[in-house]
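Under numbering that gives the first Met the number 0, read the sequence shown as residues 0 to 219, first letter to last. Here a beta-carbon is modelled for each residue, glycine too, at the ideal position from N, C-alpha and C. First comes the structure, then the notes that go with it.
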Amino acid sequence: MKILCIIPAYNEEKNISKTVSSAKKYISDVLVVNDGSKDQTKKLAQENGAKVISHIINRGQGASLETGNEYARRHDYDAVVHFDADGQFLAKEIPDILKPVIEEAYPLSFGSRFLSKKSNMPWLKKHIIMPLAKTINYLFLGINTSDPQSGFRAMDKEALEKIKIEHDGMAHCSEILAKTHKYNLVFKEVPITVIYNEFGQSLGSGFKTIKDLLINKINK
């Protein structure tokens, strides 16, 4: 089976080498979408064996993932994994996120920080941002998942063809869930671990995600 790991990256020179090398232990084809970085992200990703596509300007995580998805469509991949560049996800859990898609015939699987594994999630994110995002998803979309904003997921070819990410910003997580519901795609949630190395997420940053979610719902 032909599988692609897609890693959106913006100014991630501190983390990208380790992220790419660890992901390549589980998936041989790794694509870094260099989202207008001003540092050495592109160079280090290439040195560690990743394919790289670069945006001229910073377009956002949603746009970067769609660039990676389109590459996978054009090159006839059977499945993709979305994986963050900042070192918060564990590469050793890539087989876990792929198992429902490869072995159990689910079109999609979504990682969840709220199942059996523990993540050291900042208080603001855990008790304010995530509940708000979950409520918005339920009220506007009728979708109820344990983790409304996880960026660690896998898709098979069917899901990849149907789900085209249109929102450039952080609301792509909800957009993917909405289109999963729209096209009646069955999914499975998988417990994942997320390691938060920076606990200073500001209230403004958190509510920017909520604003993106609301704008995305209004525009849909």
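First through last residue of the beta strand (DSSP E) which encompasses residue i
i      : result
Ala8   : 2-8
Lys23  : From DSSP, Lys23 is part of no beta strand (DSSP E); its letter is neither H nor E.
Pro185 : Note that residue 185 is Val in the sequence shown here, rather than Pro. Premise fails: Val185 is in no beta strand (DSSP E) and is neither H nor E.
Asn68  : Element bounds for Asn68: not the beta strand (DSSP E) but the alpha helix (DSSP H), 60-73.
Where residue i sits in the DSSP three-state scheme
i      : result
Phe198 : Caution is warranted here: a pLDDT of 41 is assigned to Phe198, below 50, making its placement in the model unreliable, and no coordinate value can be reported.
Gly110 : strand
His54  : strand
Leu89  : coil
Asp95  : helix
His180 : helix
Gln45  : helix
Lys161 : helix
Ser149 : coil
Ser16  : helix
Glu11  : coil
His166 : coil
Glu174 : helix
Thr144 : coil
Beta-ladder partner(s) of residue i, from DSSP
i      : result
Ala78  : Ile2, Asp155
Pro190 : Ser111
Gly28  : With the sequence shown as reference, residue 28 is identified as Asp, and Gly is not the correct amino acid for it. Looking at the DSSP assignment, Asp28 forms a beta bridge with Leu3.
Asp34  : His54
Residue i to residue j span [Cα, whole Å]
i      : j      : result
Leu97  : Asp85  : 20 Å
Asp28  : Ser36  : 21 Å
Ala153 : Gln45  : 23 Å
Ala177 : Thr40  : 32 Å
Tyr182 : Ile164 : 14 Å
Ser63  : Leu184 : 23 Å
Gly67  : Val193 : 22 Å
Ile26  : Gly168 : 26 Å
Thr179 : His171 : 12 Å
Ser108 : Pro94  : 11 Å
Phe88  : Val79  : 16 Å
Val189 : Leu43  : 30 Å
Asn33  : Val19  : 13 Å
Gln60  : Gly150 : 10 Å
Tyr195 : Tyr70  : 30 Å
Cys4   : Ala90  : 11 Å
Asn14  : Ala8   : 10 Å
Ile6   : Ser145 : 23 Å
Lys1   : Asp155 : 10 Å
Arg73  : Arg112 : 32 Å
Gly110 : Ile191 : 6 Å
Ile10  : Leu114 : Looking at the sequence shown, residue 10 is not Ile but Asn. In a straight line, the C-alpha of Asn10 is about 31 Å away from that of Leu114.
> Should the region 53-64 be regarded as contacting the region 100-107, the criterion being three or more beta carbon pairs within less than 8 Å?
Replying inline: no
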